[in-house]
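Going by numbering that gives the first Met the number 0, 47 is the number at position 48 of the sequence shown; the sequence numbering is gapless. Ideal Cβ placement from N, Cα and C applies to all residues, glycine included.
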Amino acid sequence: MNLKNFRFDTDADGVALVTWDMPGRSMNVIDPDVMSEIGEIVDRLSTSIIARSTSMAARSRLAIRSARPGR
0 MNLKNFRFDT DADGVALVTW DMPGRSMNVI DPDVMSEIGE IVDRLSTSII ARSTSMAARS
60 RLAIRSARPG R
């Protein structure tokens, strides 16, 4: 996955953390590139959950945050 506006990390417990940080902007805004990247993230998560057993999928977690301070 080649993301420009997001960082995607998964910890040892399988918790996915998506950090939204648009380079060169003072705030994160929704534009066509962001929408496309959100689609990529959802596709990756869907594939990951489907590949796991049902008990693991039930325990899957996702956190989304902005990298902008104070927002």
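The closest CA to that of residue 26, considering only 60, 62, 4, 63, is found on 4.
Contact annotation, residue 39 with residue 2: C-beta distance approximately 7 Å; criterion of less than 8 Å satisfied. For residue 40, the secondary structure class from DSSP, reduced to helix, strand or coil, is helix. Of all alpha-carbon atoms in 19, 23, 47, the one lying nearest the alpha-carbon of residue 37 is that of 19. Under the three-state reduction of DSSP output, residue 14 falls in the strand class.
Here the alpha carbons of residue 66 and residue 24 stand approximately 12 Å from one another.
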